[in-house]
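In the working numbering, the protein residues as written are 708 to 786.
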């Protein structure tokens, strides 16, 4: 999570879904080890689309690298 927050959130790549404004993590914190997670969870909810019924233990998401994206394009078509 820390790497994601440093590379995506702190560089201005995440936007609040409701306002469209760039959104940074609470208190610009990137290391949440040992911290109360509620503010981080609320932030992630505000800047991402995660279905409420998603159970990560039974359904994981994977993103192909740019190099391999074309090989899997049929999986992403909406036909």
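All C-beta atoms, glycine included, are put in the ideal place defined by N, C-alpha and C.
These figures come from a predicted structure and were not determined experimentally.
What does a CB cutoff of less than 7 Å around residue i pick up in its chain, not counting 5 residues either side in sequence?
| i | result |
| --- | --- |
| residue 731 | 716, 717 |
| residue 708 | 739 |
Distance check for residue j and residue i, CA to CA, integer angstroms please.
| i | j | result |
| --- | --- | --- |
| residue 747 | residue 741 | 12 Å |
| residue 751 | residue 769 | 18 Å |
| residue 772 | residue 758 | 24 Å |
| residue 756 | residue 712 | 16 Å |
| residue 766 | residue 760 | 11 Å |
| residue 725 | residue 743 | 24 Å |
| residue 721 | residue 762 | 23 Å |
Going by CA-CA distance only, name the one from the options that's closest to residue i.
| i | options | result |
| --- | --- | --- |
| residue 727 | 734, 753, 749, 738 | 753 |
Within a Cβ cutoff of 6 Å, which residues of the same chain sit near residue i, ignoring the five residues on either side of it in sequence?
| i | result |
| --- | --- |
| residue 719 | 729 |
| residue 733 | 746, 750 |
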